[in-house]
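What follows is a set of notes on a single structure, which appears directly below.
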Amino acid sequence: MQPHQSSQSHISPEPSSIGIGTYLGKEDDQTDALYHDAIIEAVGRGCNVIDTAINYREMKSERVVGRAVRRLMEKHPGIRKNLIVATKGGFIPWDIDSREEPSAYFQNRFLKKGILNESDVVQGCHSLKPEFIRESVLMSLENLGLEYLDIYYIHNPEMHLSELSANEFYHRLSKAFEVLEEFVQKGRIRMYGTATWDGYRLDAHDSNRLSLRRVIQSAEAIAGGLRHHFRVVQLPINIYMPEAEVLQNQELDGTWVSLLRAAEEMGISVMSSATLFQTQALKENRLFSFQTLDNLGSSAARRALQIIRSLRGLTTSLVGMKTVKHVQENLYLLKVPKLDPSEALRVISEFL
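The opening position of the sequence shown corresponds to residue 3 in our numbering, with each subsequent residue numbered one higher.
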């Protein structure tokens, strides 16, 4: 049950090259049962990265991840140290099991307790306020029922760039990181990062673009330089969204390079989300036109995953898997060598 290792990582234990995500699905017990069994199957097949977020399925995803991990710990004492459990905060969550309407939950859980004021919220759904980030971490730890989190991401922080100056944004991000460093010192978080949708995929001169250099500097500012625990970023990378590989939008030593290149040089691990673009890639007939993928048979999912996980500088490709069947299909790749990174780039370029 040892994880199948990826080739580039600044994380310990070594992350598997494919991780299981828990974003999609109904907020019901049946979906919980599917995810529970899928997670246990995935770990048994060498996947050790389990990704969730407090707002996924209105907290139900965190809870089922916790149940599955605790079940694995019961069956295999000592396995916890081999797993990488990641969650996210920043979006204002709603607990579907609370029996309160979302507006009442927001009022009672956050406003009345002074954790948030209306002015702390951007776009009606997100906050970087330190007190809110602190509460979000505690809620996730409770939902998961684990002693510690391996990775805690600030979720889509770039949403604030539409309302703040860049300097004010990075100052607020630094304050959020300060809270996460406190949890690191207490042993409740091992490392942290940013999980984004648009931020790292925008043109270099877009005002909503995230600068990886400035994000890291925000961590350095509150941790005494290089002693920070900012270790990982997550962003969509798939055959239709290849910006992390092909868009030169990050500053590095006076030049512009891709996010993957910048992260590699700066010592940051990268995890891809939406690797199958929420199943859209499975409809792509061009996946079957590349001889280099013919050893993967008729599975479009395997072909799309193989391209992305082979990109240079990518640590782990995350894919949502709710069934044991899909786990078995996709994690077959853990027995297959990756493509040469230059070949992966050649193939992905055909979709531009």
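By construction, the Cβ of each residue, glycine as well, lies at the ideal position given by its N, Cα and C atoms.
DSSP-derived helix/strand/coil call for residue 104: Reading the sequence shown from its first residue, position 102 is the one you call residue 104. Looking at residue 104 - three-state DSSP - the assignment turns out to be helix.
Per-residue DSSP class, three states only, for residue 2: Lying before the first or after the last residue shown, residue 2 is absent from the chain, which here runs from 3 to 354.
Neighbourhood of residue 301 by C-beta, 7 angstroms cutoff - its chain only, sequence neighbours within 5 removed: Reading the sequence shown from its first residue, position 299 is the one you call residue 301. Hits under 7 angstroms: 331.
Outcome for residue 96 when other beta-carbon atoms lying within 10 angstroms are tallied against a minimum of 16: Position 94 of the sequence shown, counted from the first residue, corresponds to residue 96. Its Cβ being crowded by 16 or more others within 10 Å, residue 96 is buried.
Secondary structure of residue 7, DSSP reduced to three states: Start at 1 with the first residue of the sequence shown, and residue 7 comes out as number 5. The pLDDT assigned to residue 7 is 44, lower than 50, so where the model puts this residue is not dependable; a value taken from the coordinates is nonetheless given after this. In this structure, residue 7 counts as strand in the three-state DSSP scheme.
Presumed contact (8 angstroms Cβ cut-off) between residue 52 and residue 41, rounded CB distance: Counted from its first residue, the sequence shown places residue 52 at position 50. Counted from its first residue, the sequence shown places residue 41 at position 39. Yes, they are in contact, since the Cβ atoms of residue 52 and residue 41 sit about 6 angstroms apart, within 8 angstroms.
Through-space distance from residue 290 to residue 48, alpha-carbon basis: For this step, residue 48 is matched to residue 46 along the sequence shown. For this step, residue 290 is matched to residue 288 along the sequence shown. Going from the Cα of residue 48 to the Cα of residue 290 covers about 27 angstroms.
Where residue 201 falls, given that 16 or more other Cβ within 10 Å makes a residue buried: For the purposes of this step, residue 201 is identified with residue 199 of the sequence shown, where counting begins at 1. When all chains shown are included, residue 201 counts as buried.
Within 8 angstroms, strictly: CB atoms of residue 195 and residue 72: Taking the first residue of the sequence shown as 1, we reach residue 195 at position 193. Taking the first residue of the sequence shown as 1, we reach residue 72 at position 70. Contact: no.
Contact under 8 angstroms by Cβ, residue 222 with residue 231: Mapped onto the sequence shown, residue 222 falls at position 220. Mapped onto the sequence shown, residue 231 falls at position 229. No, the pair does not count as a contact, with Cβ atoms beyond the cut-off.
Per DSSP, cross-strand counterpart(s) of residue 23: In the sequence shown, the residue the question calls residue 23 occupies position 21. Answer is 53 and 322, bridged to residue 23.
When 45, 236 and 117 are compared against residue 77, the one with the closest alpha-carbon: By one-based count along the sequence shown, residue 77 stands at place 75. Taking only the C-alpha atoms, the option nearest residue 77 is 45.
Whole-angstrom C-beta distance between residue 234 and residue 354, which should lie under 8 angstroms: Looking up residue 354 in the sequence shown gives position 352. Looking up residue 234 in the sequence shown gives position 232. In fact, because the Cβ distance is near 27 angstroms, the residues do not count as touching under 8 angstroms.
Limits of the unbroken beta strand (DSSP E) element including residue 251: Looking up residue 251 in the sequence shown gives position 249. That run of the beta strand (DSSP E) goes 250-254.
Chain-order list of residues whose beta-carbon lies under 8 angstroms from that of residue 186 (same chain, five-residue window excluded): Stepping through the sequence shown from its first residue, residue 186 is reached at position 184. Result list for residue 186: 192, 193, 194 and 231, in chain order.
Where residue 287 falls, given that 16 or more other Cβ within 10 Å makes a residue buried: For the purposes of this step, residue 287 is identified with residue 285 of the sequence shown, where counting begins at 1. That one is exposed.
For residue 256 and residue 37, the rounded distance between their alpha carbons: The sequence position of residue 37 within the sequence shown is 35, counting from 1. The sequence position of residue 256 within the sequence shown is 254, counting from 1. About 45 angstroms.
Reduced DSSP category for residue 31 - H, G, I as helix; E, B as strand; rest coil: Along the sequence shown, one-based indexing puts residue 31 at 29. The answer is helix: DSSP assigns residue 31 an H, G or I state.
Pairwise C-alpha distance: residue 309 and residue 344: Mapped onto the sequence shown, residue 344 falls at position 342. Mapped onto the sequence shown, residue 309 falls at position 307. Residue 344 and residue 309: Cα-Cα distance of roughly 11 angstroms.
Touching by the beta-carbon criterion (3+ pairs, under 8 angstroms), the stretch 22-34 and the stretch 105-118: no
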